[in-house]
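For the sequence shown, my numbering assigns the number 770 to the initial residue and increments by one for each residue that follows. Yeah, the Cβ is synthetic: ideal placement off N, Cα and C, and Gly gets one too. None of these values were measured; they are calculated from a predicted model.
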Amino acid sequence: MKKIVVAIDGFSSCGKSTIAKQLAKEFGYIYVDTGAMYRAVSLFCIQKGWLTDNGTVNEEALKQNIQTIHISFKTNNGRQETYLNNQNVEREIRTLNVANGASIVSTLGFVRRELVRQQQLMGKEKGIVMDGRDIGTVVFPDAELKIFVTAKPEIRAERRYKELQDKGIQETMSAVLANVKERDDRDQHRKESPLKKANDALLLDNSDLDKNQQMDIVRQWFLERTKE
Ligand code: DC
């Protein structure tokens with residue numbers, strides 16, 4: 770079986786990470802959640818007071834300190850968790866506030882260049898499943914398998930709402946839906962690497978699919994692309 774790079778892109782809360790994690794687990798691939806990396810940069814800025822509630826970033830301070838931000842992943846009890854400068858921040862980066870900040874810092878070219886550089890290093894040996902917004906278009910334009918995932922905004926908001934509730938994070942359904950729509954808009958219309966489907970990406974609309982049905986489709990695609 771050929772070792773390949775799998776690039777999974779798509780809108781927020783469309784289940785990219787569920788697919789990516791499951792595929793990596795089944796085939797012994799490394800899984801990288803690039804959204805967690807932008808979230809970690811957002812958290813770093815919030816902690817330093819460089820990102821205000823009205824969405825203004827202290828770009829100069831962030832640019833000066835971008836090299837001091839070290840993001841890594843460790844598996845704890847079978848779950849991959851995100852570390853920012855050796856501190857486990859997995860829980861903190863999942864709040865709506867940090868997500869909003871991530872969609873703001875991810876519009877900055879110098880932030881993207883640094884994170885893309887780190888992501889390309891992680892995928893040098895292949896055998897990797899990476900999910901994000903620009904993986905098939907910018908990070909790995911030559912990936913052997915590219916998947917673009919989408920689902921209706923209302924369905925994505927419902928899934929994210931349940932996820933937050935399970936984690937004990939309290940938000941209203943309307944706040945979650947507004948956040949999903951706001952991030953869709955920002956992700957698609959930013960100047961730097963906007964979210965778009967690569968020409969050679971396979972489209973997966975999972976609005977009406979359950980987890981098993983979508984995995985059957987993705988597994989089939991993976992097996993076709995890894996044939997010797
Ligand atoms: O997938 P997520 O919700 O964890 O992503 C958080 C934010 O980071 C999202 O608003 C878009 C941004 N992002 C990006 O610009 N490029 C990526 N490769 C991954 C995420």
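- The beta-carbon distance between residue 972 and residue 966, rounded to whole angstroms, is 7 Å. This is short enough to meet the 8 Å contact definition.
- Going by beta carbons, residue 955 and residue 872 fall inside the 8 Å limit.
- By the neighbour-count criterion, in which a residue is buried when 16 or more other Cβ atoms sit within 10 angstroms of its Cβ, residue 941 is exposed.
- Note that the C-beta distance between residue 990 and residue 914 is below 8 Å.
- CA-to-CA, the gap between residue 943 and residue 782 works out to about 15 Å.
- Annotation for residue 770: no beta strand (DSSP E) segment contains it, and DSSP assigns it neither H nor E.
- Contact annotation: residue 803 and residue 888 have beta-carbon atoms nearer than 8 Å.
- Minimum Cα-Cα distance from residue 843 among the listed residues 807, 801, 811, 875 corresponds to 801.
- Leaving aside the five residues that flank residue 861 on each side, the residues in its chain whose CB is nearer than 7 Å to its CB run, in chain order, 812, 867.
- Bounds of any beta strand (DSSP E) do not take in residue 805; it lies within the alpha helix (DSSP H) bounded by 803-817.
- Contact between residue 785 and residue 918 holds: CB atoms are separated by about 5 Å, below the 8 Å threshold.
- By the beta-carbon neighbour count (other beta carbons within 10 angstroms, threshold 16), residue 901 is buried.
- Judged by the Cβ position, residue 841 fails to qualify as a neighbour of the ligand DC at the 7 Å threshold, every heavy atom of the ligand being at least this far.
- Cβ contact annotation for residue 770 (same chain, cutoff 6 Å, sequence separation greater than five): 995, in chain order.
- For residue 924, the Cβ stays outside the 7 Å cut-off from all heavy atoms of the ligand DC.
- Distance from the C-beta of residue 901 to the nearest heavy atom of the ligand DC is below 7 Å.
- With respect to the 8 Å criterion, residue 828 and residue 877 are classified as neighbours on the basis of their beta carbons.
- Proximity to residue 922 across 793, 993, 952 peaks at 952, based on C-alpha coordinates.
- Linking residue 986 to residue 916 through their CA atoms gives a straight-line distance of about 11 Å.
- Around the beta-carbon of residue 975, 16 or more other beta-carbon atoms lie within 10 Å, marking it buried.
- When secondary structure is reduced to three states using DSSP, residue 780 falls in the coil class, being assigned neither helix nor strand.
- For residue 849, the enclosing beta strand (DSSP E) stretches over residues 848-853.
- Taking 7 Å as the cut-off, one finds no heavy atom of the ligand DC near enough to the beta carbon of residue 911.
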